[in-house]
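There are 2 protein chains.
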Amino acid sequence: MRIGVVAPSTPIGRDVAERVTALAAEHAPGVEVRFHEQCFLGHRHFAGADRVRADAFVETANDPQINALWFARGGYGSCRIAEEVLARLGAAAGDKTYLGYSDAGFLLAGLYRAGIGKVAHGPMPGDLRRENGGAAIVRALSWLTRGEPKALEPSLGSGVKAAAFNITVFSQLLGTPLQPDLQGHVLILEDVSEYMYRTDRALFHITSNPAVRKVSGIMLGRCSEVPQNDPDFGETEEEVFRHWCTRSGIAFLGRADVGHDADNKVVPFGSSC
Amino acid sequence: MRIGVVAPSTPIGRDVAERVTALAAEHAPGVEVRFHEQCFLGHRHFAGADRVRADAFVETANDPQINALWFARGGYGSCRIAEEVLARLGAAAGDKTYLGYSDAGFLLAGLYRAGIGKVAHGPMPGDLRRENGGAAIVRALSWLTRGEPKALEPSLGSGVKAAAFNITVFSQLLGTPLQPDLQGHVLILEDVSEYMYRTDRALFHITSNPAVRKVSGIMLGRCSEVPQNDPDFGETEEEVFRHWCTRSGIAFLGRADVGHDADNKVVPFGSSC
Numbered sequence: 062m063r064i065g066v067v068a069p070s071t072p073i074g075r076d077v078a079e080r081v082t083a084l085a086a087e088h089a090p091g092v093e094v095r096f097h098e099q100c101f102l103g104h105r106h107f108a109g110a111d112r113v114r115a116d117a118f119v120e121t122a123n124d125p126q127i128n129a130l131w132f133a134r135g136g137y138g139s140c141r142i143a144e145e146v147l148a149r150l151g152a153a154a155g156d157k158t159y160l161g162y163s164d165a166g167f168l169l170a171g172l173y174r175a176g177i178g179k180v181a182h183g184p185m186p187g188d189l190r191r192e193n194g195g196a197a198i199v200r201a202l203s204w205l206t207r208g209e210p211k212a213l214e215p216s217l218g219s220g221v222k223a224a225a226f227n228i229t230v231f232s233q234l235l236g237t238p239l240q241p242d243l244q245g246h247v248l249i250l251e252d253v254s255e256y257m258y259r260t261d262r263a264l265f266h267i268t269s270n271p272a273v274r275k276v277s278g279i280m281l282g283r284c285s286e287v288p289q290n291d292p293d294f295g296e297t298e299e300e301v302f303r304h305w306c307t308r309s310g311i312a313f314l315g316r317a318d319v320g321h322d323a324d325n326k327v328v329p330f331g332s333s334c
Numbered sequence: 062m063r064i065g066v067v068a069p070s071t072p073i074g075r076d077v078a079e080r081v082t083a084l085a086a087e088h089a090p091g092v093e094v095r096f097h098e099q100c101f102l103g104h105r106h107f108a109g110a111d112r113v114r115a116d117a118f119v120e121t122a123n124d125p126q127i128n129a130l131w132f133a134r135g136g137y138g139s140c141r142i143a144e145e146v147l148a149r150l151g152a153a154a155g156d157k158t159y160l161g162y163s164d165a166g167f168l169l170a171g172l173y174r175a176g177i178g179k180v181a182h183g184p185m186p187g188d189l190r191r192e193n194g195g196a197a198i199v200r201a202l203s204w205l206t207r208g209e210p211k212a213l214e215p216s217l218g219s220g221v222k223a224a225a226f227n228i229t230v231f232s233q234l235l236g237t238p239l240q241p242d243l244q245g246h247v248l249i250l251e252d253v254s255e256y257m258y259r260t261d262r263a264l265f266h267i268t269s270n271p272a273v274r275k276v277s278g279i280m281l282g283r284c285s286e287v288p289q290n291d292p293d294f295g296e297t298e299e300e301v302f303r304h305w306c307t308r309s310g311i312a313f314l315g316r317a318d319v320g321h322d323a324d325n326k327v328v329p330f331g332s333s334c
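Chains H and E are the protein sequences, given in the same order. Taking my numbering, I'd label the letters of the first sequence as residues 62 to 334. Taking my numbering, I'd label the letters of the second sequence as residues 62 to 334.
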């Protein structure tokens with residue numbers, strides 16, 4: 062099995078690639094994790110210019126020798142290349158697993174909407190830098206290489222359709238050609254480093270969208286590193302979610318083990334079991 | 062003439078109300094500026110609880126003795142009450158001018174979509190605290206009371222249809238029941254205190270929206286107090302706007318004299334002359 066790593070958003074360091082490769086050798090022997098050179102490029106905010114990142118993604122996705130495309134890390138940048146990338150994908154791209162989260166959500170959304178490959182929200186190589194980050198890498202590898210059930214968000218059972226997104230990213234793709242049809246899906250949402258008033262505003266946006274109102278329910282992952290606001294917003298993220306779910310008539314289905322941290326579980330889009 | 066001030070977002074101080082009232086007495090004699098007591102309330106993040114803010118807005122908008130509803134200031138909160146407010150407006154609300162900007166954009170959008178009253182983007186009483194803020198107040202009063210042409214964004218000429226919004230607010234109302242039909246309009250956008258990568262992401266969102274692509278063009282107001290990012294985003298707001306306008310096939314029509322500052326000119330929605 063061969064996993065190709067590309068960085069449609071921001072770059073990672075070679076040290077991260079080396080340590081992830083070593084973890085793969087230990088925990089998934091026989092699996093090759095191939096980091097595209099593009100992962101290490103720097104261009105302003107991005108891991109290379111738009112064209113360079115798009116080319117690396119397309120080259121990897123269209124390579125029939127590669128079984129899975131693993132997003133290197135989040136940050137910002139994948140919305141700038143998503144439409145071009147999707148238009149250039151061929152047959153081999155459909156026979157592949159895609160794993161990432163956060164800013165990668167723009168591409169996961171577009172892939173899922175287009176029915177290309179098997180799409181999942183979960184840990185990325187860049188998570189290695191988090192506290193206990195190695196556990197996230199090993200979890201991702203266990204799911205990519207052998208579909209390990211323990212890697213999955215526990216609520217995902219037989220026949221449950223799901224999708225997971227960063228709140229801000231999902232908000233910013235609503236109404237664009239990347240917005241997937243999530244009718245009948247459990248929509249799992251998480252975020253990091255957002256003021257609570259922004260999360261509240263994004264939930265207004267998300268739950269007011271007529272297509273989103275067709276989900277079977279919303280689950281809340283973790284909202285971590287919420288900056289202090291003056292005055293305090295006065296509601297927790299769970300209160301914010303309950304407020305907007307009640308107002309929009311969407312079922313609130315509780316908490317999910319998903320977030321910007323090493324505990325982040327895998328959420329395959331669609332039906333996972 | 063009577064102007065009613067309400068605060069659908071965050072509160073103002075009584076000192077601001079007193080100084081605005083004094084400016085009105087000096088520059089618009091015979092005009093009464095009536096600050097609703099709700100403007101001075103505090104409830105967590107907001108100028109009173111949702112119901113309290115909604116009630117004050119509806120009471121003022123539905124009062125036939127009041128000619129104009131002036132938003133006290135921005136902040137955050139109007140999206141939480143917009144749909145309820147709009148559903149409760151009666152005939153007198155349609156015979157009124159509405160002036161505000163920033164977070165008030167959620168309500169301006171919904172009013173304009175519903176064809177209620179005369180809607181405009183422009184200075185608010187809370188702007189008094191800005192450097193040279195008195196000039197913004199006097200400008201707003203000159204337009205509200207006598208339709209002073211010098212108060213208007215200069216590009217607005219005969220027959221030009223326009224609308225203006227805060228970038229983040231406009232992004233967050235796309236696809237909701239508040240999104241107005243801006244076909245054939247010049248869309249003027251401004252923002253404050255947003256990282257440039259966020260402005261770039263919001264422009265992806267805005268210019269990818271099929272309804273937004275029917276505008277006659279986009280103008281860029283000011284993006285002020287942009288926080289420094291590491292690494293630097295490497296593009297100015299004008300470069301960001303040109304990038305997304307080119308990609309989406311929307312005409313970029315240059316700069317507008319609109320923003321979170323005392324120079325902020327008035328942009329009546331629709332055709333202003």
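Built from N, CA and C at the ideal position, the CB exists for glycine as well. Given the structure is predicted, the values throughout are model-derived calculations rather than measurements.
Using CA atoms only, rank isn't needed, just tell me which of the options is closest to residue i.
i, options, result
"Gly138 of chain H", "E:Glu298, E:Ala272, E:Tyr258, E:Ala323", "E:Tyr258"
"His104 of chain H", "H:Met280, H:Gly295, H:Ser70, H:Val77", "H:Ser70"
"Arg316 of chain H", "H:Leu150, H:Leu239, H:Ser269, H:Asn325", "H:Asn325"
"Ile249 of chain E", "E:Thr229, E:Gly236, E:Thr297, E:Ala110", "E:Thr229"
"Thr260 of chain H", "H:Ile64, H:Val273, H:Ala272, H:Glu296", "H:Glu296"
"Pro329 of chain H", "H:Leu205, H:Leu102, H:Gly195", "H:Leu205"
"Gly151 of chain H", "H:Leu172, H:Gly135, H:Gly136", "H:Leu172"
"Ile311 of chain E", "E:Gln244, E:Glu251, E:Ala110", "E:Gln244"
"Phe118 of chain H", "H:Arg283, H:Arg190, H:Val67, H:Arg274", "H:Val67"
"Arg75 of chain E", "E:Gly194, E:Pro186, E:Leu281", "E:Pro186"
"Ala181 of chain H", "H:Gly194, H:Ser163, H:Asp116", "H:Ser163"
"Glu98 of chain H", "H:Gly109, H:His304, H:His88", "H:Gly109"
"Gln126 of chain H", "H:Val319, H:Gly136, H:Glu298, H:Asp156", "H:Asp156"
"Lys275 of chain H", "H:Pro241, H:Glu251, H:Leu281, H:Arg262", "H:Pro241"
"Glu209 of chain E", "E:Arg283, E:Ala89, E:Gln233, E:Glu192", "E:Ala89"
"Phe313 of chain E", "E:Ser285, E:Leu264, E:Ala323, E:Pro288", "E:Leu264"
Where do the N-terminal and C-terminal ends of the alpha helix (DSSP H) with residue i fall, by residue?
i, result
"Cys284 of chain H", "Looking at the DSSP string, Cys284 of chain H is not in any alpha helix (DSSP H); the run it does join, the beta strand (DSSP E), is 278-285."
"Tyr173 of chain E", "166-175"
"Ile127 of chain H", "First-last for Ile127 of chain H: undefined, no H or E at that position."
"Thr268 of chain E", "257-268"
"Glu87 of chain E", "75-88"
"Ala201 of chain H", "194-207"
"Glu145 of chain E", "143-148"
For residue i versus residue j, is the C-beta distance shorter than 8 angstroms?
i, j, result
"Arg207 of chain H", "Pro184 of chain H", "no"
"Leu239 of chain E", "Ala143 of chain E", "yes"
"Pro292 of chain H", "His321 of chain E", "no"
"Lys222 of chain H", "Val253 of chain H", "no"
"Gly178 of chain H", "Ala154 of chain H", "yes"
"Asn227 of chain E", "Thr237 of chain H", "no"
"Ala212 of chain E", "Val327 of chain E", "yes"
"Val77 of chain H", "Ala85 of chain H", "no"
"Cys100 of chain H", "Ile64 of chain H", "no"
"Asp377 of chain H", "Arg141 of chain H", "This structure does not reach residue 377 of chain H, given that chain H is present from 62 up to 334, and the question cannot be answered."
"Ser332 of chain H", "Gly220 of chain H", "yes"
"Glu299 of chain E", "Leu281 of chain E", "yes"
"Ser232 of chain E", "Gln233 of chain H", "yes"
So residue i contacts chain E; which residues on that side make the cut at Cβ distance below 9 angstroms?
i, result
"Ala263 of chain H", "Gln233"
"Cys100 of chain H", "Simply none; closest approach about 16 angstroms."
Starting from the beta carbon of residue i, find every residue of chain H whose beta carbon is closer than 7 angstroms, and list them in chain order.
i, result
"Asn270 of chain E", "Gly236, Thr237"
"Phe294 of chain E", "Arg105, His106"
"Tyr137 of chain E", "Tyr258, Arg262"
What is the residue span of the beta strand (DSSP E) that residue i lies within?
i, result
"Leu234 of chain E", "Here Leu234 of chain E belongs to no beta strand (DSSP E); instead the alpha helix (DSSP H) covers 228-234."
"Thr158 of chain H", "158-161"
"Glu93 of chain E", "93-96"
"Phe313 of chain H", "313-316"
"Glu251 of chain H", "247-253"
"Val67 of chain H", "63-67"
"Gly182 of chain E", "Note that residue 182 of chain E is His in the sequence shown here, rather than Gly. 179-182 is the extent of the beta strand (DSSP E) around His182 of chain E."
Under 8 angstroms between beta-carbons, which chain H residues line up against residue i? List them in chain order, please.
i, result
"Arg141 of chain E", "Asp261, Phe265"
Less than 7 angstroms separating the Cβ of residue i from some heavy atom of the ligand COA?
i, result
"Arg190 of chain H", "You won't find the ligand COA in this model; it holds no ligand whatsoever."
Are any of the Cβ atoms in chain B nearer than 8 angstroms to that of residue i?
i, result
"Gly194 of chain H", "Of the protein chains in the structure, H and E, none is chain B."
### Message
Runs of 4 residues minimum, wholly inside the stretch 99-124 of chain H: which ones carry the alpha helix (DSSP H) assignment?
### Response
Uninterrupted alpha helix (DSSP H) stretches at least 4 residues long and entirely within the stretch 99-124 of chain H occur at 111-122, given in chain order.
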